[in-house]
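Asks: Quick one: the structure is below, questions incoming.
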Amino acid sequence: MSSTQTISNTIFILFFIFAPVALADTLDSASFEVKMSTINITGGNKSSSSYKLTDTVGQTIQGQFDSAGYIIKAGFQYIYPLTAFTFTISDLDLDFGSLITGTPSLLTNILTVTTGSAFGYTVKTIEDHSLRLISGSTTIPDTSCDLALPCTQTDATPWTVDTRYGFGYNIQGTDVDVADFVDNTYFRSFPIQDVDQPATVMSRAGVATDSAATVTYKVNVSGSQAAGIYQNNLQYIATPSF
Numbered sequence: 014m015s016s017t018q019t020i021s022n023t024i025f026i027l028f029f030i031f032a033p034v035a036l037a038d039t040l041d042s043a044s045f046e047v048k049m050s051t052i053n054i055t056g057g058n059k060s061s062s063s064y065k066l067t068d069t070v071g072q073t074i075q076g077q078f079d080s081a082g083y084i085i086k087a088g089f090q091y092i093y094p095l096t097a098f099t100f101t102i103s104d105l106d107l108d109f110g111s112l113i114t115g116t117p118s119l120l121t122n123i124l125t126v127t128t129g130s131a132f133g134y135t136v137k138t139i140e141d142h143s144l145r146l147i148s149g150s151t152t153i154p155d156t157s158c159d160l161a162l163p164c165t166q167t168d169a170t171p172w173t174v175d176t177r178y179g180f181g182y183n184i185q186g187t188d189v190d191v192a193d194f195v196d197n198t199y200f201r202s203f204p205i206q207d208v209d210q211p212a213t214v215m216s217r218a219g220v221a222t223d224s225a226a227t228v229t230y231k232v233n234v235s236g237s238q239a240a241g242i243y244q245n246n247l248q249y250i251a252t253p254s255f
């Protein structure tokens with residue numbers, strides 16, 4: 014029979030901290046008191062036909078100071094409005110209507126992203142399941158594109174042959190991987206929730222202002238596809254990077 018012992022050591026560390034003299038300014042009257050590390054004489058925006066100047070006058074230390082692990086920007090001119098992170102989808106309800114066998118149907122919507130983050134953002138996508146009959150389990154399979162060069166959930170390839178059936182998407186626009194989505198004939202299949210990882214469709218390593226990309230959804234069915242109403246849900250996950 015063996016036993017496990019836990020040995021605990023307590024280490025006492027003694028610190029001596031000697032605070033240096035701190036310099037600050039105080040302004041006061043009968044109705045107010047202002048305590049600040051420094052009081053500026055003036056600051057603001059100046060401009061003419063030939064120059065534009067932002068300044069901070071009277072502050073003890075101003076400017077940008079940086080080292081490994083931090084950046085300090087001190088002074089009026091470093092105070093700018095923050096750009097909020099926004100993500101919009103132009104159309105949330107896509108209806109292909111009646112499908113004709115061997116004739117691809119296309120629908121589109123637009124993804125738009127704005128971020129002030131210096132590290133950018135990523136948009137990923139995933140579906141809850143393949144297009145499926147509302148009243149059953151029959152599905153329209155996700156596309157594998159043309160037989161000569163099949164596509165995957167992360168690699169787009171041409172889908173131009175009308176006897177290749179399924180459901181997939183193409184994306185064109187700002188912050189899209191053009192090495193993958195070479196043109197509007199290159200498609201991917203959607204990854205499936207709880208089975209696959211979301212696939213990246215847009216990304217940027219920096220500030221973005223109204224970055225927009227158009228997603229084209231394509232469905233093509235064979236004559237043996239069961240009649241009925243098919244449906245699924247697509248998710249787009251937009252994440253800013255910090």
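According to this note's numbering, the sequence shown is numbered sequentially starting from 14.
Each residue gets a CB set at the ideal place from its N, CA and C atoms; glycine is no exception.
The model shown is predicted, which means the values in this text are computed figures rather than measured ones.
1. Ignore the nearest five residues each way along the sequence and tell me which others in T121's own chain have a CB closer than 6 Å to its CB.
2. Taking Y64 as part of the beta strand (DSSP E), name the residues at either end of that continuous run.
3. Mapping the DSSP letters down to three states, classify I147 as helix, strand or coil.
4. For the region 107 to 120 against the region 229 to 245, are there 3 or more C-beta pairs whose distance is under 8 Å?
5. Which class does L124 belong to by DSSP, given the choice of helix, strand or coil?
6. Tell me the rounded alpha-carbon separation between N197 and A212.
7. Count the other CB atoms within 10 Å of the CB of G241; is the residue buried (16 or more) or exposed (fewer)?
8. Note down the Cα distance separating P171 from S254, rounded to an integer number of angstroms.
9. Measuring CB atoms only, is the region 157 to 172 touching the region 98 to 107, in the sense that at least three cross pairs come out at less than 8 Å?
Replies: According to the data block:
1. Here residue 121 refers to the residue found at position 108 of the sequence shown. T227 and T229, listed in sequence order.
2. As a working mapping, residue 64 is identified with position 51 in the sequence shown. Element bounds for Y64: n/a, residue is neither H nor E.
3. Translated into the one-based positions of the sequence shown, residue 147 becomes position 134. Note: I147 maps to coil in three-state DSSP.
4. Result yes; three or more Cβ-Cβ pairs closer than 8 Å.
5. Here residue 124 is taken as the residue at index 111 of the sequence shown, counted from 1. Looking at L124 - three-state DSSP - the assignment turns out to be strand.
6. For the purposes of this step, residue 197 is taken as the residue at position 184 of the sequence shown. For the purposes of this step, residue 212 is taken as the residue at position 199 of the sequence shown. Note on geometry: alpha-carbon atoms of N197 and A212 lie some 18 Å from one another.
7. In the sequence shown, the residue the question calls residue 241 occupies position 228. It is exposed - the Cβ of G241 has fewer than 16 other Cβ atoms within 10 Å.
8. Walking along the sequence shown from the start, residue 171 turns up at place 158. Walking along the sequence shown from the start, residue 254 turns up at place 241. Between the alpha carbons of P171 and S254 lies a distance of about 32 Å.
9. These segments do not touch.
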